[in-house]
Every structure is written in structure tokens, then in C-alpha cells.
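Colleague: Structure provided below as C-alpha cells; questions to follow.
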Amino acid sequence: MKLSFSFIFFFCLLSIPLYAKDITASPHSRGMPTPGPAIELYVDINTKQIYAEPGAGRIRIGSFQQVADAPPSPPSPRTGPVPNELPATQAAEVRRTSQAASAPANPISPPDEPEKALQQKTKGFAYSNWKEKDPFKFNLNEDGSQYLKLGFLNQLWLRYEQNNPGSTILGEPAGDTTDIGLRRTRLVLHGQLTDRVYFYTQYGMNNFNFLAQMNGNRHIAAYFHDAFGELRLTQGHQIIAGGGLTIANGLSRFTNPSAATSMTMDLPIFAQATVDQTDLFSRKLSVYLRGQISKLNYRVIVSDPFPISTSGNSPVPISPDHATFAINSHTKQFQGFFVWNFWESEPMTNTFMQGTYLSKKSILNLEAGFITQKNATWTGTESTPQFHDLNFWSVAGYLDAPVDKLKETAISAYVGYFNLDYGPGYIRNNGTGMNSANGINPAGASFNGAGNAFPMFGTGEVWYAQIGYLMDRNLLGSGNGQLMPYVSLMSADYERLHDQMNVFNVGINWLLKGHNSKITFDYQNRPIFNANAAGEIVKTSSRGQFILQYQIAF
């Protein structure tokens, strides 16, 4: 299936009405107000706005009546005492008593009291009573611009998987799998040590379920995913130099992803084009320059890839027709990623690209990127190999913007075209997250292989799109979070496959406390491929995957 660039044009048209400036109400007349009827006023605990009618998340302030200020009485020309007139001190006391008697029964509380009162009353899923706004941040200076910060990410999966044909678990046929696993578990320490020096470290593990092991050992060691430092070369963020073990990559925003802020339950892994082949879970030893110059966000990277022989898996043997990663070749990788921000710019804290801002920013981007590497793959024989270059590029549009700021609704959407050249006929099967089987019966096997794998990576063209809508913050009641349903589609035209390879996901997030605490339900449908009598690899059926995820991320 070839998609038209008119889809990107339609996507941009859809986004135009969403970037509206706030309209300030006309000022009230400066004339003298006249007395009016009493009204009830309410304060919204989240926005701190005043309303004249009750609603979810609002508490009553009291009854108020608009009155005219009485002009002061002219001074009396008499100098002697007025009969029956009270002394000045007694008159003042009478006035104070009168004013107190006529005051509203529920006067306006100090700003923090209504919020505390509503929190104590509701205590929903988003309730917290932290002494500090961010208790995991330790400020090094008065204004908090220099700091150390701790972070934690844990993604728990409950999964039901319809396995690929011929799958086995511990030698027994397994048509399906129900399991519990940890998709990502990470500890983070990062900080802005001076105005110009920043560092980031991340330690943890991935894809841990009942089948997880390495060489028969389930005690898989966690490892450093990231360890990089940056030096800001300019007063602003125009030029930042960095290096280390980092996910700073070219190609697309999903090649530089912030997994904890993803709108979809998991990332489009195909965009991490060499993941766990010549990198470490999409990280490489790299040096880079990045920055923001006016509306342009850029990064250029030079990476030193790992050899395929240290990936932890047996390298795929060289083939006369179909490219595989070369065993005896080692060259540098060059990457770039460029973003034009039509509206707001995105944070420059580190190299990770946000998934969705949950109505907090108005983003409309045009994005493009590339990755290239000489002699990365080969065909032929080991004695007479023919080497091939990696050449990837993409162009995409990204929209993430509020729809109704009072209700905190928002839309998030992405559509991108990827041109991926690994060499002739390259294809690699991979599954989302932990594999659900550890063996295959060749007699009943499909081209996909075991478990939940499908042809995720290959030489050819890919279109990827996702769209989601953040619903009214009071839909579930005050303090109980928000819902965000979404759909996504990966559609690939790979050289090696005769048929289009389409994978779609549909799901919903329950954002209990934004990305910090959220529950996601996701359904994925993937195709099953087999070779026909003519040797063509065609789609023959499909399988489904159901996952319930709970994420904690701070």
C-alpha cells in the first residue's frame, strides 16, 4: 500500500484551528456599580478560577452582593458637641460591629485553603500531599536552576498473547501465552551541575518475564542504558556539545524516545532501526552537537557502533541474496535530526523527545532525519563478500496541542514516512516487548518465527501514524485523572515480502496522575507470513495481543 503525501497535507490542515491565542474579556465599565441581587461564588481547585455556578472540582466561597460606595458626608460646621453623638472611639467600634454583622457567612479563604479542603474531601487517584512540588529534585542554588534529580520508571505488563504458528514453551506446543512481566525498569540520576554542565545516567533492565534468561541464567544483570554529559557552548541553547553512551540519534523523534511519556502503550520500535544489533537497546557510544536556533531544533551525531558479534545472539549467516549485518566490518555511523517548530519549541533539558505533553504545550512540527553507515551489511560469501551501506531517512509531521484549556482536553497526532535501506532483501522479525515463547516446531512454523514476532525491520518503505485524544479532566470526577484513547498503524512495503505488512494498535490510557501514574490497555493485531509454492512470502493469517500495563514514572 503506497500512501499519498496528501495525508500529511490533511494532517496539517487539521491542526490549524488548534493554535488559538487566549482571548481576554473586555474590561468592565468603570462607572459606579448599582446594587444587585446576591450571587453564590465558587472556586475551581485546579485552575483557581472563580465561577458563579457549582461544578465538578469547585467549592463554595459564599454569597456576595454588589453595592455602591456611599460618598463621604461633608464635615459639620458646628464646633460644639452634637447632642446624642457618640465619642469617636465608640463610633468606630459600632462601625466595625456593623460591618462584621453584614459580612458574608463564608468569606473568601486564603488561596491555599480551598485547595487543601477539596483535596481532603476528594482524595482521588491523583491525590498527593508532598511537602515539596518535586520531592525528588535537590536544588543546588536558590532558584533551582542547578540541581540533582532522581527518577524511576517501572512498566508492569499483564498479557494475553496469541502465539505464532508452531510456537513452543519449554518444548511443549503453545498456542497462546498468559504472563506477567516487566517491560522496563529503570533508575535515573541526572542534574544541571552548573549553568553550562549537565549529566544523565540511567540504569536498569528490560523485557523480564518467566522466560527471561541469558545462557540459562535468569539472574540477568541490569546495566547502564545511558551515561552522557553535555556542555552548553552558548549563553542560551543554540549549541550544546555532548557525548557518551546515549540514545541521541537521527532519523525521527521515535528514534530518540522518552518511553515514559509515550501516548501509545509502547513505542514504534521499527524506528529504532538497529536496536540490539549494533547498539545497546538503541544506545550508542556517540559525540554530538544539538541546539535550538530560532524555530529550528537540530542534532548531528557521530556514533561508534558495536559489532554484531557482541549482540548476545548468534549472527545471521551471510546470504548470497539477502543482506545481513556484516561480522568483520566496523565503520562509524553518521546521523542527523532536524525539527521546525511552527508554534512552541520543545524542552532542551536532554536528548529525549517527549511523546505527548497532555495539553501543557502547543506543538506543531515538521521533522526530518537520517542515519548512514558505510559497509554495514553484506551478501555473497565470507570469502568473497559484497558490502552494503545503511541509508535511512524520514520526514514527518507532529501535532500535540490543547483543544479546550479549561477542560484540559488535547489532541496528539503523528504521521511519518520512512525510507529504510539495509541492503538488498534485508528482513528481521521482532516482537513488542518480551517474547511469549522460547522455541519453534519447524513442521508448523511460519515465516514470523516463535511467539509474538513479525517482520518489523526491513529494506523498503514504512508509513507510521498515531492519533489520540485527551478527554475532559472532570469526566471521571475531580482528582481521578483523565482518559486518552488512541489508535496507531504501521504499514510497511518491504522488498522481501510480497504483501503489505500492516500492524495496528488500539488502546486507552487512564492517566491517574499524568505520566507519573497511568494504566494502559492495548490491543495489537499483527500479520502472519508464509512462503507460497512460488517462493513468495505472503500474508496467510493474523494474531492478536492484549496487554494491561501499569506505569510508575517519577
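Take any residue in the sequence shown, count from 1 to its spot, add 1125: that is its number in the numbering used here.
Beta carbons: idealized from backbone N, C-alpha and C, even for Gly.
If you reduce the DSSP assignment to three classes, tell me which class residue 1568 lands in.
Modeller: As a first step, residue 1568 is located in the sequence shown; it is residue number 443 there, counting from the start. Residue 1568 falls in the helix class under three-state DSSP.
Colleague: Compute the Euclidean distance between the alpha carbons of residue 1678 and residue 1599, then round it to the nearest angstrom.
Modeller: Taking the first residue of the sequence shown as position 1, residue 1678 is located at position 553. Taking the first residue of the sequence shown as position 1, residue 1599 is located at position 474. Using only the alpha carbons, I get a separation of about 23 Å.
Colleague: Rounded to the nearest angstrom, what separates residue 1578 and residue 1560 at their Cα positions?
Modeller: Counted from its first residue, the sequence shown places residue 1578 at position 453. Counted from its first residue, the sequence shown places residue 1560 at position 435. Looking at the two C-alpha atoms, the distance is approximately 8 Å.
Colleague: Quick check on residue 1407: does DSSP put it in helix, strand or coil?
Modeller: Here the question's residue 1407 lines up with position 282 in the sequence shown. It is coil, neither helix nor strand.
Colleague: Does the beta-carbon distance from residue 1676 to residue 1643 come in below 8 Å?
Modeller: Position 551 of the sequence shown, counting from 1, holds the residue named residue 1676. Position 518 of the sequence shown, counting from 1, holds the residue named residue 1643. Yes, they are a contact pair.
Colleague: I need the boundaries of the beta strand (DSSP E) containing residue 1589, first residue and last residue.
Modeller: Position 464 of the sequence shown, counting from 1, holds the residue named residue 1589. Where residue 1589 is concerned, the enclosing beta strand (DSSP E) stretches over 1585-1595.
Colleague: Could you check whether the region 1607-1620 touches the region 1391-1400, counting it as contact only if at least three pairs of C-beta atoms, one from each stretch, sit closer than 8 Å?
Modeller: They touch, by the three-pair rule.
Colleague: Please give the ranges of any beta strand (DSSP E) in the region 1413-1448, keeping only runs that are unbroken, at least 3 residues long and fully inside the region.
Modeller: Those beta strand (DSSP E) runs which fall completely within the region 1413-1448 and span 3+ residues are 1421-1429.
Colleague: Report buried or exposed for residue 1339, applying the criterion of at least 16 other Cβ atoms within 10 angstroms of its Cβ.
Modeller: The residue you call residue 1339 lines up with position 214 of the sequence shown. Its Cβ having fewer than 16 others within 10 Å, residue 1339 is exposed.
Colleague: Report the partner residues of residue 1186 according to the DSSP bridge assignment.
Modeller: Position 61 of the sequence shown, counting from 1, holds the residue named residue 1186. The partner list for residue 1186 (beta bridge, DSSP) is empty, contrary to what the question assumes.
Colleague: The beta strand (DSSP E) that contains residue 1286, what's its start and end?
Modeller: The sequence position of residue 1286 within the sequence shown is 161, counting from 1. Unbroken beta strand (DSSP E) run through residue 1286: 1272-1287.
Colleague: Whole angstroms is fine: what's the gap from residue 1586's alpha carbon to residue 1388's?
Modeller: The residue labelled residue 1586 in the question sits at position 461 within the sequence shown. The residue labelled residue 1388 in the question sits at position 263 within the sequence shown. Each residue's alpha carbon lies about 24 Å from the other.
Colleague: For the beta strand (DSSP E) that contains residue 1544, what are its first and last residues?
Modeller: Within the sequence shown, numbered from 1, the residue matching residue 1544 stands at position 419. Counting along the chain, the beta strand (DSSP E) containing residue 1544 begins and ends at 1534-1546.
Colleague: How about residue 1272 and residue 1261: are their beta carbons less than 8 Å apart?
Modeller: For the purposes of this step, residue 1272 is taken as residue 147 along the sequence shown, with counting starting at 1. For the purposes of this step, residue 1261 is taken as residue 136 along the sequence shown, with counting starting at 1. Cβ atoms of residue 1272 and residue 1261: not closer than 8 Å.
Colleague: What three-state label does DSSP hand residue 1598 in the structure shown?
Modeller: Taking the sequence shown and counting its residues from 1, the one referred to as residue 1598 is at position 473. It is coil, neither helix nor strand.
Colleague: State the CB to CB distance for the pair residue 1604 and residue 1252, rounded to an integer number of angstroms; the pair is presumed to be in contact (CB under 8 Å).
Modeller: Locating residue 1604 in the sequence shown gives position 479, where the first residue counts as 1. Locating residue 1252 in the sequence shown gives position 127, where the first residue counts as 1. Sure, about 6 Å apart at Cβ, within 8 Å.
Colleague: So if DSSP puts residue 1450 in a beta bridge, which residue, or which two residues, is it bridged to?
Modeller: Your numbering for residue 1450 matches position 325 in the sequence shown. DSSP lists 1502 as partners of residue 1450.
Colleague: Between the region 1290-1300 and the region 1310-1325, can you find at least three pairs of beta-carbon atoms closer than 8 Å?
Modeller: Counting Cβ pairs under 8 Å, fewer than three are found: no touch.
Colleague: If you drop the 5 nearest sequence neighbours on each side, which residues of the same chain put their C-beta closer than 7 Å to that of residue 1325?
Modeller: Here residue 1325 refers to the residue found at position 200 when the sequence shown is read from its first residue. Result list for residue 1325: 1315, 1351, 1353, 1475, in chain order.
Colleague: Beta-carbon within less than 6 Å of residue 1546's beta-carbon, same chain only, minus the 5 sequence neighbours each way: which residues are those?
Modeller: By 1-based counting over the sequence shown, the position of residue 1546 is 421. For residue 1546, where only same-chain residues beyond five positions count, the Cβ hits under 6 Å are 1516, 1584.
Colleague: Please classify residue 1371: does DSSP put it in a helix, a strand, or coil?
Modeller: What you label residue 1371 is simply residue 246 of the sequence shown in a count that begins at 1. Residue 1371: strand per DSSP, three-state reduction.
Colleague: Output needed for residue 1375: all residues of its chain with C-beta closer than 7 Å, excluding positions within five of it in sequence on either side, in chain order.
Modeller: The sequence position of residue 1375 within the sequence shown is 250, counting from 1. For residue 1375, where only same-chain residues beyond five positions count, the Cβ hits under 7 Å are 1426, 1460, 1461, 1462, 1494, 1495, 1496.
Colleague: Kindly confirm or deny that the region 1279-1287 and the region 1563-1574 touch, where touching means at least three C-beta pairs closer than 8 Å.
Modeller: Touching, no, given that fewer than three Cβ pairs across the two stretches are closer than 8 Å.
Colleague: Assign residue 1527 to buried or exposed, taking buried as 16 or more other Cβ atoms, counted over all protein chains shown, within 10 Å of its Cβ.
Modeller: For this step, residue 1527 is matched to residue 402 along the sequence shown. Buried, since its Cβ has 16 or more Cβ neighbours within 10 Å.
Colleague: Could you tell me whether the Cβ atoms of residue 1562 and residue 1380 are closer together than 8 Å?
Modeller: Indexing the sequence shown from 1 puts residue 1562 at position 437. Indexing the sequence shown from 1 puts residue 1380 at position 255. No, these two residues do not count as a Cβ contact at 8 Å.
Colleague: Count the CB pairs spanning the region 1668-1675 and the region 1588-1597 that are closer than 8 Å, and state whether there are at least three.
Modeller: Because the criterion of three Cβ pairs below 8 Å is not met, the region 1668-1675 and the region 1588-1597 do not touch.
Colleague: What's the call for residue 1447, buried or exposed, on a 16-neighbour Cβ count within 10 Å?
Modeller: Stepping through the sequence shown from its first residue, residue 1447 is reached at position 322. So residue 1447 ends up on the buried side.
Colleague: Determine which residues share a DSSP beta bridge with residue 1255 and list them.
Modeller: Translated into positions along the sequence shown, residue 1255 becomes position 130. DSSP output for residue 1255 lists no bridge partner at all.
Colleague: Helix, strand or coil: which one does DSSP assign to residue 1378?
Modeller: As a working mapping, residue 1378 is identified with position 253 in the sequence shown. If DSSP states are grouped into helix, strand and coil, residue 1378 belongs with the helices.
Colleague: If you draw a straight line from the C-alpha of residue 1539 to the C-alpha of residue 1480, how long is it?
Modeller: Here residue 1539 refers to the residue found at position 414 when the sequence shown is read from its first residue. Here residue 1480 refers to the residue found at position 355 when the sequence shown is read from its first residue. Going by the C-alpha atoms only, they are around 10 Å apart.
Colleague: Starting from residue 1474 and walking both ways along the beta strand (DSSP E), at which residues does that stretch end?
Modeller: Here residue 1474 refers to the residue found at position 349 when the sequence shown is read from its first residue. Segment: none, residue 1474 is in no beta strand (DSSP E) and carries neither H nor E.
Colleague: My output table needs one value for residue 1299: the three-state DSSP class, helix, strand or coil.
Modeller: Taking the first residue of the sequence shown as position 1, residue 1299 is located at position 174. The answer is coil: DSSP assigns residue 1299 none of H, G, I, E or B.
Colleague: Alpha carbon to alpha carbon, how far is residue 1259 from residue 1641?
Modeller: Looking up residue 1259 in the sequence shown gives position 134. Looking up residue 1641 in the sequence shown gives position 516. So the two alpha carbons sit approximately 12 Å from each other.
Colleague: Once DSSP output is grouped into helix, strand and coil, what is the label at residue 1385?
Modeller: Along the sequence shown, read from residue 1 onward, the residue named residue 1385 stands at position 260. Looking at residue 1385 - three-state DSSP - the assignment turns out to be helix.
Colleague: Looking at the secondary structure, which residues open and close the beta strand (DSSP E) in which residue 1530 lies?
Modeller: Position 405 of the sequence shown, counted from the first residue, corresponds to residue 1530. No beta strand (DSSP E) holds residue 1530; DSSP gives it neither H nor E.
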